[in-house]
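To keep things clear, I will list the structure first and then write my remarks on it.
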Amino acid sequence: MLFNSLSFVVFLVIVLLLYYSKFLNWTNKKRMLLLASYVFYGLWNPPLVILLWISTMVDWTAGKRLAVEENQRKRKMWLLTSMFVNLGFLGFFKYGNFLLENFTAVINTMGFEYEALPMDIILPMGISFYTFQTMSYTIDMYKRKIEPARTFLDFALYVTFFPQLVAGPIVRAKDLITQFYEEKRATANQFFWGVFLLTIGLFQKVVMADALLSSTSDNVFGSDKLLHGVDAWVGTLAFSGQIFFDFAGYSTCAIGIALMLGIILPDNFRYPYASLGFSDLWSRWHISLSSWLKDYLYIPLGGNRHGITRMYVALMLTMLLGGLWHGAAWTFMVWGGLHGTYLILEKLQKQYLPFKITKWNGIFLAFITFSCVNITWVFFRAREFDTAWNMIKSMFYMQTEGEKILGSFEVLKVSVVVGILFICHWLMRNTSMKAVSLKTNPFVLGIFWAIMLFLIIISQGSGEQFIYFQF
Amino acid sequence: MNLKQSLICAIALCVLGTVAWELYWRSQGYYPDLDNDEALFAAQRKRADKASNSDVILIGSSRIHFDIQLDVWKKETGIKPIQLAYPGATPLPVFHDLVHKTDFSGTIVVGVTPGLFFSSTTTEKRAYRSANDKVEYFHDQTYAQQLNHMLSIPLQQNLAFMSDADGVDAMKLQFLLEGIQFGNRIEGSDFPPFPNFADISLDRNLRMTEKTVTDTAFARLIKNVWSFKSTPETPPRELDKEGVMKIFVADAKAFQDRGGNLVLLRCPSTEYYRKKEENFYCRDEFWDELVKQSGAKGYHFEDYVQLKDLDCPEWSHLSGEDADFFTAEVAKIMMNDNSIPFNLKTN
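Chains as they are written, first to last, in our numbering: chain A, 612 to 1082; chain B, 44 to 390.
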């Protein structure tokens, strides 16, 4: 089920009515939320709920055993079991086709004629998110960082909680399971703020991403022509804006919906396009994934504890695997590799060419960071290397014969939207929406809210899937 | 921060804005109607899975969609057909799907619009891809999508601005923005405006609007689209007679072998289209050959005195009134030949 769909409106109203009804106690409310979460997921493809159940059962059992087991070998065995099942699901469903294609290519390169039958594997929606979430529980249990979930219901709800089930934020057990222990009710202000966040999230998705930017980005990246530099840049900027609004929109909806239930989810985006460098970027973009990768990959790989070279290797491996997490294609690896390179270059710059960031050079640095990020989006969005390479060549005017495919209005529209996006991020980088709204006159806020609602209605979102669902 | 005040203010202003938006579009002559989209198609395709041997399924392009009126057919035969035709599309993918993905062995009436029917057999071509997309959507449709469609119907039936139309009839923000033209960075499309000229109901019955019949200037807009950069002497851009014959005949045999009843129907066309069809799809090489090879019963409007001179206001489809007449006559002719099932209750 999609947040930007009529069925979700009905679903949410029913869930809220039951949640705030007096005839259900807290345990039954949690049961209702769990059932609702399975319905939310199952309305897309019912049999794939079984994967959620297996993941839940395996990590619940592993967590329970890890809580009491003292034998280190057995503890490791339970950890490996959890990782084997979760990464096995990911490996099969997400990377099965990719591995087979590459295996076939290697065999063919070696001179053997081999053609594999297509496996036609369905990618379960949000599998990368919920497997990472459940694994974090077991790993934290293994490291004795957290207490086991008190009941199976609390744990199952942690794995399946519908607002963040399919596209995050990836929430840690310590931040979410404990919230299920005591009855939660949103205060009136929390509830209204939740509705406001839901509106903002839908506005970002339906109006900004789908109505204003997606067609330009689709036209440019779907073109088989060698493009003019302006078209390539505008298409890339359009995708840059689209993916931010799409993904940040989902996270904002998720946070808002959870807040309407009195549950607090962590921020996932903090105005990332005004980042001052790439370390800053990754503390602002998809925060829950980058902190997951840092805690469960970068640090176990050595982090910065074993010298500079080892740190760079760990950083690069983390970013390459982070790229692969997004999709089973070499283009995603390049995307991750570019980010890894940027991070390494930034660390070198800080070591050998340090300079102070002032308000005068800050916006320039933010602009440079944003421009470099745009280059990485080319590889993220392009499905083929040829497309990506042609785009890069066009963007840097190595292609003088490029064709113009975007009209003047499209160029202007994308430039204005993405320009405003960048300026807003810059102005907001040290504050928050909540802080700004507190200073805003309620009627002015109401007018702003009404404009967003009206634009959502006249955009008539046709239920375009969120980009990050495929990851 | 008083969020309650803000929310009340937002809801009040949003309701006002939405009412004004709806009134604006109604003042422009628009009224609530349904989108002839893949979800509406899927709802009817679903019925085909449960259809019995006495059911009738209509497939084809826009002509059979416009020209066969479902209620009239039901009045004449006692059986309401399932409408699976789609404008601008070849029936090949839908027929293939019905033959291979269902066990339906009732009657399939195939509307043959030569320019589309004989156009292509691959998804690289628009006419084939358009139909194939609908079939794929049906098979991939999630429960959530079905529910969304069900919930959207009352909105579509009551709000004029709830429309997926693009081009000159665009009312949703994305399409309105796409319609804005300024500057000359690229050569703008000179494709003429293509307004909607039919209304569709929940059972996918399509009927030409009265405006198309009575307003000749409006009908001219549609004619401009049909004759865009083309004359009756301009050869068709997409034509694959052999490929189409091969695929269709194979599916026809498979369908007939399991007891299915196949009927081919050639609906009227006039002036530009009639001439074009005479020039490039001459009857003996295309229609007669198709009927012969497929072993189906064939009904061509030219063979019936009451049908051959019907007028198409925009050269390709019948007015609602003429479609009623055409449907009734075709049903009678087919019943007389025992070509279609009927269930006439007698007192």
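All residues carry an ideal CB built from backbone N, CA and C; glycine is no exception.
CA nearest to the CA of Ala778 of chain A, picked from A:Ala859, A:Tyr748, A:Met746 and A:Glu726: As a first step, residue 778 of chain A is located in the first sequence; it is residue number 167 there, counting from the start. Here the closest residue by C-alpha is A:Ala859.
Between the region 52–62 of chain B and the region 179–199 of chain B, are three or more C-beta pairs nearer than 8 Å? no
At a Cβ threshold of 8 Å, is Ala339 of chain B touching chain A? As a position in the second sequence, residue 339 of chain B is number 296, starting the count at 1. By this cut-off, Ala339 of chain B is not an interface position.
Within the 8 Å Cβ cut-off, does Thr165 of chain B reach chain A? Counting from one through the second sequence, the residue named residue 165 of chain B turns up at place 122. Not an interface residue.
Between the beta-carbon of Met1006 of chain A and the beta-carbon of Gly840 of chain A, is there less than 8 Å? Sequence index remark: in the first sequence, residue 1006 of chain A carries index 395 (1-based). Sequence index remark: in the first sequence, residue 840 of chain A carries index 229 (1-based). Contact flag set, yes.
Who are the near neighbours of Ser828 of chain A in its chain, counting only those whose CB is closer than 6 Å to its CB and skipping five residues on each side? Stepping through the first sequence from its first residue, residue 828 of chain A is reached at position 217. Around Ser828 of chain A: Gly846, Ala849, Phe850 and Gln853.
Just grab the DSSP bridge partners of Ile309 of chain B for me. Along the second sequence, one-based indexing puts residue 309 of chain B at 266. Rather than Ile, the amino acid found at residue 309 of chain B in this sequence is Arg. DSSP output for Arg309 of chain B lists B:His343 as bridge partner(s).
Quick check: the region 150–168 of chain B against the region 269–283 of chain B, are there 3 or more CB pairs under 8 Å? yes
Give me the chain A residues within the contact set of Gly210 of chain B, using Cβ-Cβ distance strictly less than 9 Å, ordered along the chain. What you label residue 210 of chain B is simply residue 167 of the second sequence in a count that begins at 1. Near Gly210 of chain B there are no residues of chain A at all, since even the closest Cβ is about 14 Å away, more than 9 Å.
Name, in chain order, the residues that DSSP records as bridge partners for Glu599 of chain A. As displayed, chain A neither begins before 612 nor continues past 1082, which places residue 599 of chain A out of reach and without an answer.
8 Å is my cut-off, CB to CB: does Met378 of chain B come that close to chain A? Indexing the second sequence from 1 puts residue 378 of chain B at position 335. Chain A contact via Cβ: absent.
Report yes if the CB atom of Leu690 of chain A is closer than 8 Å to the CB atom of Thr742 of chain A, and no otherwise. As a first step, residue 690 of chain A is located in the first sequence; it is residue number 79 there, counting from the start. As a first step, residue 742 of chain A is located in the first sequence; it is residue number 131 there, counting from the start. The answer is no: Cβ separation not under 8 Å.
Measuring alpha carbon to alpha carbon, tell me which of B:Ala63, B:Gln200, B:Val306 and B:Leu307 ends up nearest Asn79 of chain B. One-based indexing of the second sequence puts residue 79 of chain B at position 36. Among B:Ala63, B:Gln200, B:Val306 and B:Leu307, the Cα nearest to that of Asn79 of chain B belongs to B:Gln200.
How about Leu353 of chain B and Asp365 of chain B: do their beta carbons lie closer than 8 Å? Locating residue 353 of chain B in the second sequence gives position 310, where the first residue counts as 1. Locating residue 365 of chain B in the second sequence gives position 322, where the first residue counts as 1. Cβ distance < 8 Å, so Leu353 of chain B and Asp365 of chain B count as in contact.
Would you call Ile811 of chain A buried or exposed, if buried means 16 or more other Cβ atoms sit within 10 Å of its Cβ? For the purposes of this step, residue 811 of chain A is taken as residue 200 along the first sequence, with counting starting at 1. That one is buried.
Counting only beta-carbon separations shorter than 8 Å, does Pro911 of chain A have a partner in chain B? In the first sequence, counting from the first residue as 1, residue 911 of chain A sits at position 300. Answer no: the Cβ-Cβ gap between Pro911 of chain A and chain B never drops below 8 Å.
Output, in chain order, the set of chain E residues within a Cβ distance shorter than 7 Å of Gln1071 of chain A. Looking at the structure shown, chain E is missing, and the protein chains on hand are A and B.
Do you know how far the Cα of Leu83 of chain B is from the Cα of Ala93 of chain B? For this step, residue 93 of chain B is matched to residue 50 along the second sequence. For this step, residue 83 of chain B is matched to residue 40 along the second sequence. Sequence check: residue 93 of chain B is Lys here, not Ala. Each residue's alpha carbon lies about 17 Å from the other.
For Ser382 of chain B, count neighbouring Cβ atoms within 10 angstroms of its own Cβ and tell me buried if that reaches 16, exposed if not. The count along the second sequence starts at 1 and reaches residue 382 of chain B at position 339. Buried, by the Cβ-count rule.
Which partner residues of Ile151 of chain B appear in the DSSP bridge assignment? Walking along the second sequence from the start, residue 151 of chain B turns up at place 108. Paired residues: B:Ile100 and B:Leu305.
Cβ-Cβ separation, Ile788 of chain A to Asp751 of chain A (assumed contact under 8 Å), whole Å: As a working note, residue 751 of chain A is residue 140 in the first sequence. As a working note, residue 788 of chain A is residue 177 in the first sequence. With a Cβ gap of about 11 Å, Asp751 of chain A and Ile788 of chain A do not count as contacting.
Ala799 of chain A to Phe855 of chain A span [Cα, whole Å]: Position 188 of the first sequence holds residue 799 of chain A. Position 244 of the first sequence holds residue 855 of chain A. Going by the C-alpha atoms only, they are around 30 Å apart.
Starting from the C-beta of Leu264 of chain B, find all residues in its chain whose C-beta is less than 8 Å away, skip the five residues before and the five after it, and write them out in chain order. Translated into positions along the second sequence, residue 264 of chain B becomes position 221. Excluding residues within five positions, the ones whose Cβ falls inside 8 Å are Pro235, Pro236, Phe237 and Pro238.
Do you know how far the Cα of Thr715 of chain A is from the Cα of Glu726 of chain A? Along the first sequence, read from residue 1 onward, the residue named residue 726 of chain A stands at position 115. Along the first sequence, read from residue 1 onward, the residue named residue 715 of chain A stands at position 104. Going by the C-alpha atoms only, they are around 7 Å apart.
Per DSSP, what kind of secondary structure is Ala241 of chain B in: helix, strand or coil? By 1-based counting over the second sequence, the position of residue 241 of chain B is 198. Strand.
8 Å is my cut-off, CB to CB: does Asn1083 of chain A come that close to chain B? Residue 1083 of chain A lies beyond the stretch modelled for chain A, which goes from 612 to 1082, so this question has no answer here.
Check the Cβ of Phe225 of chain B against every Cβ in chain A and list those closer than 7 Å, keeping chain order. For the purposes of this step, residue 225 of chain B is taken as the residue at position 182 of the second sequence. Neighbours of Phe225 of chain B on chain A, chain order: Ser1019 and Phe1020.
Nearest to Gly707 of chain A by CA position, among A:Lys1015, A:Gly938 and A:Trp1000, is which residue? Counted from its first residue, the first sequence places residue 707 of chain A at position 96. The candidate whose alpha carbon is nearest that of Gly707 of chain A is A:Gly938.
Of all the CB atoms in chain B, is at least one closer than 8 Å to the CB of Val947 of chain A? Residue numbering aside, residue 947 of chain A sits at position 336 when the first sequence is read from its first letter. According to the sequence shown, residue 947 of chain A is Gly rather than Val. Residue-level contact by beta carbon fails for Gly947 of chain A and chain B, as no gap is shorter than 8 Å.
Against chain A, does Thr133 of chain B count as a neighbour if the rule is that its beta carbon must be under 8 Å from one of theirs? Start at 1 with the first residue of the second sequence, and residue 133 of chain B comes out as number 90. Not closer than 8 Å to any Cβ of chain A, the Cβ of Thr133 of chain B fails to qualify, so no.
Hey, is the region 647–654 of chain A in contact with the region 820–835 of chain A, meaning 3+ C-beta pairs nearer than 8 Å? no
Going by DSSP, name the residue or residues bridged to Leu249 of chain B. The count along the second sequence starts at 1 and reaches residue 249 of chain B at position 206. Answer is B:Ile243.
Quick check: the Cα distance between Pro356 of chain B and Ser270 of chain B, rounded to an integer number of angstroms? Within the second sequence, numbered from 1, the residue matching residue 356 of chain B stands at position 313. Within the second sequence, numbered from 1, the residue matching residue 270 of chain B stands at position 227. Distance between the alpha carbons of Pro356 of chain B and Ser270 of chain B is about 14 Å.
Applying the 10 Å Cβ sphere with the 16-neighbour rule, what's the burial state of Asp842 of chain A? Your numbering for residue 842 of chain A matches position 231 in the first sequence. Buried.
Secondary structure, beta strand (DSSP E): runs of 3+ residues fully inside the region 881–946 of chain A: none
Please return the same chain residues whose Cβ sits closer than 7 Å to the Cβ of Asn390 of chain B, not counting the five positions on each side in sequence. Looking up residue 390 of chain B in the second sequence gives position 347. Summary for Asn390 of chain B: the model assigns pLDDT 46, below 50, so the residue's position carries little reliability, and this model does not support an answer.
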